[in-house]
């Protein structure tokens, strides 16, 4: 079956065929154009995962800071979980460190939206730009000390 046709009609089948061709080093069987596109997409997916974790973390840090009377065990555990996820993701993808500043900016925008959705606070409550340095935001003892047990 024609490789581009298989790619468009049966993506899973295409991946299996391409994996087999790679394993057997059958260079002429490789769909180079789609392989390149898919590998680039995998990289973008890793970046999006970092931004997603940062969005949740930053949104909860904003809620923690700007609505302290509503602090909860759930917020505490979400902050703890996202910090760990970010550390793990960067250990598994150290090259993403070169895009930390960009990811922080992208994550902050979505984090503000999360905080707006989950509080009754107006947009003007939150800063226009991320008030946190990346290293601070992911530090266990910053703003919400997740090294300790929850004490509500």
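Residue numbers (the numbering used here): 1 to 152.
The beta-carbon is built from N, C-alpha and C at its ideal position, and this holds for glycine as well.
Just so we're clear, the structure is a prediction, and the values are computed from it rather than from any experiment.
Next item on the list: Please determine if the region 34–52 and the region 114–131 are in contact, where contact requires at least 3 C-beta pairs separated by less than 8 Å.
Entry: no
Check: By how many angstroms is the C-alpha of residue 59 removed from the C-alpha of residue 113?
Finding: 7 Å
Margin query: Taking only three categories from DSSP, how would you classify residue 25?
Written below: coil
Next item on the list: Quick one: measure Cβ to Cβ for residue 90 and residue 97, integer angstroms, because I've assumed they're closer than 8 Å.
Entry: 6 Å
Next item on the list: Under 6 Å Cβ to Cβ from residue 130, same chain only, skipping five residues before and after it: list those, please.
Entry: 104, 108
Notebook entry, point to check: Near residue 83, what residues of its chain come up, given a Cβ to Cβ distance below 7 Å and the 5 sequence neighbours on each side ignored?
Noted result: 57, 138, 140, 146
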